[in-house]
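**Q**
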Amino acid sequence: MRHAEGGLRERKKRETRAALAEAALRLALDKGPDNVTVEEIAEAADVSVRTFFNYFPHKEHAILGRNPEHLERALDRMRTAPAAESPLTTMWFVVDDVLRDLEREGELSRRGELIMSSPSLVYQLMMSSFEDERLLTAGLAERMGEPGGSVRAALIVSASGAACRVAMELHKTAPERSVRDLVAEGFHVLADGLDPGFAPTVPDDTTTNHTMPEEQEGPS
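In structure tokens form, the structure reads like this:
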């Protein structure tokens, strides 16, 4: 009985969060994100302002549809990923899980277009993504057996986020292509290497002379 009550309570919380996010998105699309208030979002979702703040710290998070379950599922996916799975593949499954969620809710294109048209939302998305990237990098580094400052893990996580941002931007000019398809293409580009011919020559500091040449003396 307690398990059933707990499940019902969690479902109710998910429904309330979804209702607030949908109301915030709808109002932002109608009025512009800068002209929407927390009070209007709460009223549209038929909840109190106090309830709103139980789910979102401010209106921008509601408009962005920030869902902590996505991060929890991502970290769990990293912990349970098959040993033979490549780190980039793991990140693809993490990203695609979120994209499928948003696609099912019919929000991916609408929210993506709104975000990319609003500098304030782009800024809020970047700021809120920093902490997510830090946690995802730590999770991926541990999964790779490289805890404590893995450059590879940090670059994979950062590049994955960049693939999503590029996909949302490209979707504005190519709406016939879904954001999810564009993200998938981005991951294939990452997997193939942005520049297969990249082969920098690193100078040997022990042999390279970094001192300025002495000025030649003029005729005496």
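First residue of the sequence shown: 1142, per this note's numbering; consecutive thereafter.
Just so you know, even glycine gets a beta-carbon here, dropped at the ideal spot from N, CA and C.
Nothing here was measured: the structure is a model prediction, and the numbers come from that model.
1. How close, in whole Å, do the beta carbons of Leu1161 and Tyr1196 come, if the pair is a contact with beta carbons under 8 Å?
2. Quick check on Thr1230: does DSSP put it in helix, strand or coil?
3. To the nearest angstrom, how far is it from the Cα of His1211 to the Cα of Leu1205?
4. Taking contact to mean at least 3 C-beta pairs separated by less than 8 Å, is the segment 1295 to 1309 in contact with the segment 1218 to 1225?
5. Label Ala1315 either buried or exposed according to how many other C-beta atoms from any shown protein chain fall within 10 Å of its C-beta, with 16 as the threshold for buried.
6. Report the three-state DSSP secondary structure of Thr1178 (helix, strand or coil).
7. Could you have a look at Ser1291 and say whether DSSP puts it in helix, strand or coil?
8. Under a Cβ-count criterion, where at least 16 other Cβ atoms within 10 Å of its own Cβ denotes burial, should Gly1286 be classed as buried or exposed?
**A** Concretely, from the data shown:
1. Rounded, the Cβ-Cβ distance is 6 Å, consistent with contact.
2. Of the three classes helix, strand and coil, the one that applies to Thr1230 here is helix, per DSSP.
3. Their Cα atoms are separated by approximately 13 Å.
4. Because the criterion of three Cβ pairs below 8 Å is not met, the segment 1295 to 1309 and the segment 1218 to 1225 do not touch.
5. Taking a 10 Å sphere around the C-beta of Ala1315, we find fewer than 16 other C-beta atoms and assign the residue as exposed.
6. Thr1178 falls in the coil class under three-state DSSP.
7. Secondary structure at Ser1291: coil, using DSSP grouped into helix, strand and coil.
8. Taking a 10 Å sphere around the C-beta of Gly1286, we find fewer than 16 other C-beta atoms and assign the residue as exposed.
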